[in-house]
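Inspection log for the structure reproduced underneath, given as structure tokens.
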Amino acid sequence: FINTINSSYEKANSDNSLITLGIKPSRPDTGYGYIQFKGKKDNSKVDFRRVKTFTEKPDIKTANEFLKSGDFYWNSGIFIWSVSTILHALDKHMPETNALFMLGKDIYNTPDEAAFISKTYEQCKNISVDYGIMEKAEKVLVALSDFGWSDLGTWGSLYENQMKNDDGNAIVGKNTFLYDSKDCIINMPDDKQVILQGLENYIVVYSNETLLVCKKEDEQKIKYMVANSKNS
């Protein structure tokens, strides 16, 4: 990891590129974005490639196709660039956002900086750096990486890193009983009892007085289902 970061730092400073770390996928995970790369490796220590496409969290069929193709890596959301390069890209591709923050050029590195950023941030367009800059910029590279990274912000990655029983079930909760079930992730508070039968590849979670039961392959739908339940 450190070698990749150091090499990316050198690369970004030498040729004014915008670099993102791509992680070699170990499974068709629908909880991650994917980066498609093209071209050949140069003489750098790290394998840097040109970015061809960014794809937000795909369905399980598409994720399987990405994995088989060999030219898609997970999008880690880790970026390396020089200050001058990202400021130039921000001015070119997100001029309105850039103009807002340029209003504070005399405020930065003063006691008023935090308050200014907090107020200005609320006025910015709600868009990720992938959509706002990385998909539009000319020189965007992905550093092909393989150092055991996993984003524990998804149930799928949590399942991969959790201890499992003989049936492949990852269980959190003392009062959880499973029968004829396998490859599930269960997260229940100790004061709640759950008895499950006949489940395979499911997520079962209790939080904030709500029980969620969802297929692991449909994890990307959870945020929409939760949002809909709150609006109903």
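According to my numbering, the stretch in the sequence shown is residues 100 to 331, in order.
The C-beta atom is built at its ideal place from N, Cα and C for all residues, glycine as well.
Between the segment 162 to 174 and the segment 127 to 146, the count of C-beta pairs closer than 8 Å reaches three or more; the two stretches touch. DSSP, reduced to helix, strand and coil, places Glu221 outside both helices and strands of the structure shown, so it counts as coil.
Between the segment 220 to 240 and the segment 187 to 199, the count of C-beta pairs closer than 8 Å reaches three or more; the two stretches touch. In the displayed model, Tyr133 falls within a strand according to three-state DSSP.
Counting along the chain, no alpha helix (DSSP H) covers Lys320, and no H or E run does either. Annotated three-state conformation of Ile206 is coil, per DSSP. Counting along the chain, the unbroken alpha helix (DSSP H) around Phe165 starts and ends at Ile159 to Ser168. Thr309 and Ser143 have their C-alpha atoms spaced approximately 50 Å apart. The three-state secondary structure of Ile104, taken from DSSP, is helix. The segment 209 to 219 makes no contact with the segment 145 to 153, as fewer than three CB pairs between them are under 8 Å. Contact between the segment 312 to 330 and the segment 169 to 182 is not established, with fewer than three Cβ pairs separated by less than 8 Å.
Within its own chain, the residues whose Cβ lies closer than 8 Å to the Cβ of Ser181, once the five positions on either side in sequence are excluded, are Ala111, Asn112 and Asn115, listed in chain order. DSSP places Asp146 within a strand segment (E or B) once states are collapsed to three. Around the beta carbon of Tyr133, 16 or more other beta carbons sit within 10 angstroms, so the residue counts as buried.
Annotated three-state conformation of Lys140 is coil, per DSSP. Of Ile177, Tyr108 and Tyr301, the smallest CA-CA separation from Gly267 is found for Tyr301. Taking Thr275 as the centre and dropping the five residues before and after it, the same chain places the C-beta of Ile285, Met287 and Val293 closer than 7 Å to its C-beta, in chain order.
Where Leu240 is concerned, there is no enclosing alpha helix (DSSP H), although the beta strand (DSSP E) around it starts and stops at Val239 to Ser244. In the displayed model, Ile294 falls within a strand according to three-state DSSP. The C-beta of Glu318 has 16 or more other C-beta atoms within 10 Å across all chains shown, which makes the residue buried. In the structure shown, Ala198 falls within a helical segment according to DSSP collapsed to helix, strand and coil. At the C-beta level, Ala188 and Ala236 come within 7 Å of one another. With a threshold of 16 other beta carbon atoms within 10 Å, Ile179 meets it and is buried.
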